[in-house]
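Let me begin by presenting the structure, written as structure tokens, before commenting on it.
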Amino acid sequence: METEGGFKVEVSSAFPGWWRYNVALMCGCYDAAGERIGFASAEDRIAEVGACMGQPPADYPAERRTVLRTMPCHRIELYLYVVPHTLPDGCEIADTRPFELRLRITRDGATLLSQKCPVNQWSGISRVLTVTA
Numbered sequence: 001m002e003t004e005g006g007f008k009v010e011v012s013s014a015f016p017g018w019w020r021y022n023v024a025l026m027c028g029c030y031d032a033a034g035e036r037i038g039f040a041s042a043e044d045r046i047a048e049v050g051a052c053m054g055q056p057p058a059d060y061p062a063e064r065r066t067v068l069r070t071m072p073c074h075r076i077e078l079y080l081y082v083v084p085h086t087l088p089d090g091c092e093i094a095d096t097r098p099f100e101l102r103l104r105i106t107r108d109g110a111t112l113l114s115q116k117c118p119v120n121q122w123s124g125i126s127r128v129l130t131v132t133a
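Here our numbering is used: the first residue of the sequence shown is 1, the next is one more, and so on.
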């Protein structure tokens, strides 16, 4: 039987207001028979929801990236949540257009998924993805 490696999930954005969002990744890990064999999660919390921050925290990283790594498995079911803790400054639709989130999933050095997702500045995003190597 071939040994399978774990998956690596990366979420990032170049949006200047990216600091206003918390990221949560949760993932069920499944074997080739479809049985769940594990669970992995990662959270990147900048502030509590409703924090109403006027600027990013002093220690906010210039290249913020949220990464989740799983145990070796055949398939993952990924739950991605991007939740605003501070709402946009403006109220005009033209000033608060969706921004781009980058989602990348790899396993054993191979890119399985690389996509850009639009994120509503007011509500964030939630997605469920199933990825098989």
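For each residue, glycine too, the CB sits at the ideal point set by N, CA and C.
Taking 8 Å as the cut-off, the beta carbon of residue 113 is found no closer than this to the beta carbon of residue 11.
In this structure, residue 96 lies away from residue 20, with their beta-carbon atoms at least 8 Å apart.
The DSSP-derived three-state label of residue 104 is strand.
DSSP places residue 33 in the coil class of the three-state scheme, outside both helix and strand. Per the C-alpha coordinates, the member of 123, 37, 73 positioned closest to residue 133 is 73.
Contact annotation: residue 41 and residue 99 have beta-carbon atoms that are not nearer than 8 Å.
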